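Colleague:
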Amino acid sequence: MQCWSPLVHSLKSRAQVPQERTISCLPSPGPQGHLLTLYETSVPQPPEPHLSPQKSPQAASNTPEPFPSPHFCPMGGPVVSACSQDGLSTWRGLRAPPAPGWPGPREDWARFPDQCCFPRTQENDQKRIRAMKKVNKERELRCQHLRELTRGKQEMVALRLEHQRLSAKLQDYSIFNKYLEKVVENSEFEEIHEVIARYKTLMSMHHDLMQSAQEGQEKIEHAKARLAHYMEEKDDEILQQNNELARLQMRFDRARSNVIIWESRWAHIQNTAAKKTLLLGTIKMATLNLFQIVSKQLKEATEVALEDTHKQLDMIQQFIQDLSDIWAEVKKKEQQQVRV
Numbered sequence: 000m001q002c003w004s005p006l007v008h009s010l011k012s013r014a015q016v017p018q019e020r021t022i023s024c025l026p027s028p029g030p031q032g033h034l035l036t037l038y039e040t041s042v043p044q045p046p047e048p049h050l051s052p053q054k055s056p057q058a059a060s061n062t063p064e065p066f067p068s069p070h071f072c073p074m075g076g077p078v079v080s081a082c083s084q085d086g087l088s089t090w091r092g093l094r095a096p097p098a099p100g101w102p103g104p105r106e107d108w109a110r111f112p113d114q115c116c117f118p119r120t121q122e123n124d125q126k127r128i129r130a131m132k133k134v135n136k137e138r139e140l141r142c143q144h145l146r147e148l149t150r151g152k153q154e155m156v157a158l159r160l161e162h163q164r165l166s167a168k169l170q171d172y173s174i175f176n177k178y179l180e181k182v183v184e185n186s187e188f189e190e191i192h193e194v195i196a197r198y199k200t201l202m203s204m205h206h207d208l209m210q211s212a213q214e215g216q217e218k219i220e221h222a223k224a225r226l227a228h229y230m231e232e233k234d235d236e237i238l239q240q241n242n243e244l245a246r247l248q249m250r251f252d253r254a255r256s257n258v259i260i261w262e263s264r265w266a267h268i269q270n271t272a273a274k275k276t277l278l279l280g281t282i283k284m285a286t287l288n289l290f291q292i293v294s295k296q297l298k299e300a301t302e303v304a305l306e307d308t309h310k311q312l313d314m315i316q317q318f319i320q321d322l323s324d325i326w327a328e329v330k331k332k333e334q335q336q337v338r339v
C-alpha cells in the first residue's frame with residue numbers, strides 16, 4: 000500500500016520536483032501506524048539568500064497544507080527520512096512546511112538543515128532497513144511456504160483422485176483374479192503367475208506365428224506380383240509370335256497360290272522340252288540320212304560317229320557347196336555354147 004508523504008506532497012506543490020521514483024514502502028513506527036512511501040528524488044535547489052521572509056508566509060497562506068504525521072519539528076513540519084536502494088540516507092531530517100497555526104519560520108523548510116529536532120542516526124536507519132529486509136524475507140518465505148502448501152494440497156487431491164481411480168479399477172479387475180483362481184484349481188497349474196507366464200508364452204508364440212504368417216503372406220504377394228509380371232511379359236511375347244505366325248501364314252498362302260502358276264509353267268516347259276527333243280531327234284535322223292546319202296555319193300569311207308551331228312552337217316554342207324559349184328560351171332558352159 001502506498002501513500003503520499005507530507006514532504007513529497009509539499010515538494011510537489013511548492014518546489015516543483017522535476018522527477019521522483021519509488022524505492023520501497025516501509026512502515027513507520029509512529030503511534031498512528033502510518034505507512035510512508037520513500038522516494039528517491041532530485042533535491043531542489045535552495046532559494047537564494049535574498050529571499051524575503053514575507054513571501055513564504057504568503058505562499059503558505061495561499062496553499063495551506065495539513066500534516067497528519069505524528070512527528071513534527073518545532074521549526075517546521077514533520078520529519079521524513081528518505082533512503083536509497085543501498086540503504087544510505089540520501090537526505091534526512093528534511094522539514095516540511097509547518098501546519099497551520101504552528102509557530103516557527105516557514106522559510107526554514109527550504110534551507111535543508113543537517114540536524115532535526117528528532118535526529119535519526121545512520122546506524123538506526125541501517126537497523127531499520129535490516130529489520131525491514133528481514134520482514135520482507137520472512138514475508139517472502141511465508142508466501143513461498145503458502146505456495147508450496149497449496150501445491151502440496153493440489154498434489155494430495157490429485158493423488159487421492161488417482162487412488163480412487165485405481166481402487167475402482169482394482170475393484171473392476173477383481174473378477175479376473177477370481178477367474179484365475181478357479182483356473183488354477185481346475186488345471187495343472189499351481190499358481191496364478193504360472194498361468195500368466197503360460198499365457199505370455201502362448202502370446203509370444205502367437206506373435207511369432209503371426210509374424211511368420213505375415214512374412215509368408217508377403218512372400219506370396221511378392222511371388223504373385225512376379226508371376227503376374229512374368230505372365231504379362233509372356234502374353235506380350237505370345238502376341239508377337241501370333242503376329243509373326245499370321246505374317247508367315249500369309250506368305251505361305253501366297254506361296255501356295257504361286258505354286259499352281261509355277262507348276263503350270265513347269266508343265267509347259269516340260270511339254271516344250273519334249274517337243275524340242277522330238278524335233279531334235281527328227282533333225283538328227285534327217286541329218287544322218289543325208290549324211291549316209293552323201294557318203295554313198297562320195298563313195299568314200301568316212302569315220303564320223305553316228306551321234307556327231309555337227310560333223311555330219313559340215314560334210315553335208317561341203318557336199319552341197321561342191322554340187323552348187325559344179326552346177327554353176329555347167330550352166331556357164333551351156334550359156335557359152337548357146338552363144339556360139
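Those letters in the sequence shown? Residues 0 to 339, by numbering that gives the first Met the number 0. Virtual Cβ for every residue (Gly too), placed ideally from N, Cα, C. All figures in this text were calculated on a predicted structure; none of them were measured in a lab.
Taking all protein chains shown into account, do 16 or more other C-beta atoms lie within 10 angstroms of the C-beta of Phe251, making it buried, or fewer, making it exposed?
Modeller: Looking at its Cβ environment, which holds fewer than 16 other Cβ atoms inside 10 Å, Phe251 is exposed.
Colleague: Tell me where the alpha helix (DSSP H) around Asp235 begins and ends.
Modeller: That run of the alpha helix (DSSP H) goes Ile191 to Leu297.
Colleague: Under three-state DSSP, which class holds Val134?
Modeller: Helix.
Colleague: What does the Cβ neighbour count give for Gln269, buried or exposed, with the cut at 16 atoms within 10 Å?
Modeller: Exposed.
Colleague: Looking at the unbroken alpha helix (DSSP H) that takes in Ser323, where does it start and where does it end?
Modeller: Residues Thr308 to Arg338.
Colleague: Given a cut-off of 8 Å on the beta-carbon distance, is the pair Ile315 and Phe290 in contact?
Modeller: A contact, by the Cβ cut-off of 8 Å.
Colleague: Between the Cα of Gln317 and the Cα atoms of Arg338, Val293 and Lys332, which residue gives the shortest distance?
Modeller: Gln317 has its Cα closest to that of Val293, out of Arg338, Val293 and Lys332.
Colleague: If you count every other CB in all the chains shown that lies within 10 Å of the CB of Pro67, and 16 or more means buried, which is it?
Modeller: Reliability fails at Pro67, whose pLDDT of 40 lies under 50, so the model's placement of it is uncertain and no value is given.
Colleague: Under a Cβ-count criterion, where at least 16 other Cβ atoms within 10 Å of its own Cβ denotes burial, should Gln153 be classed as buried or exposed?
Modeller: So Gln153 ends up on the exposed side.
Colleague: I think Val303 touches Gln296, with their Cβ atoms under 8 Å apart; what is that distance to the nearest whole Å?
Modeller: At roughly 15 Å, the Cβ-Cβ gap does not stay under 8 Å, so Val303 and Gln296 are not in contact.
Colleague: Relative to the alpha-carbon of Val194, which residue among Ser166, Glu220, His309 and Leu179 has its alpha-carbon at the smallest distance?
Modeller: With distances taken between Cα atoms, Val194 lies closest to Leu179.
Colleague: Can you tell me which of the three DSSP states Asn185 falls into?
Modeller: It is coil, neither helix nor strand.
Colleague: Kindly indicate which three-state DSSP category Thr301 falls into: helix, strand or coil?
Modeller: DSSP places Thr301 in coil when its eight states are reduced to three.
Colleague: Helix, strand or coil: which one does DSSP assign to Thr120?
Modeller: The answer is coil: DSSP assigns Thr120 none of H, G, I, E or B.
Colleague: Could you check whether Val183 and Glu189 sit closer than 8 Å to each other, using their CB atoms as the reference points?
Modeller: Yes, they are a contact pair.
Colleague: Ignore the nearest five residues each way along the sequence and tell me which others in Lys126's own chain have a CB closer than 6 Å to its CB.
Modeller: Taken in chain order, the list of residues that qualify is empty.
Colleague: Quick one: what's got a C-beta closer than 8 Å to Ser186's C-beta in the same chain, skipping five residues either side?
Modeller: The residues are Val194.
Colleague: Quick check: is the beta carbon of Asn288 nearer than 8 Å to any beta carbon in chain D?
Modeller: The displayed structure is made up of one protein chain only, and chain D is not part of it.
Colleague: Please report the distance separating the alpha-carbon of Val329 from that of Ile319.
Modeller: Cα to Cα, Val329 sits roughly 15 Å from Ile319.
Colleague: Determine the contact status of Leu279 and Leu305, defining contact as a CB-CB distance below 8 Å.
Modeller: No, these two residues do not count as a Cβ contact at 8 Å.
Colleague: Compute the distance between the beta-carbons of Lys386 and Thr308, then report whether it is under 8 Å.
Modeller: Because the chain in this structure spans residues 0 to 339, residue 386 falls outside the shown range and cannot be described.
Colleague: If you draw a straight line from the alpha carbon of Leu238 to that of Ser256, how long is it in whole angstroms?
Modeller: Going by the C-alpha atoms only, they are around 27 Å apart.
Colleague: How long is the line joining the alpha carbons of Val337 and Ser323, rounded to whole angstroms?
Modeller: Their backbone Cα atoms lie some 21 Å apart in a straight line.
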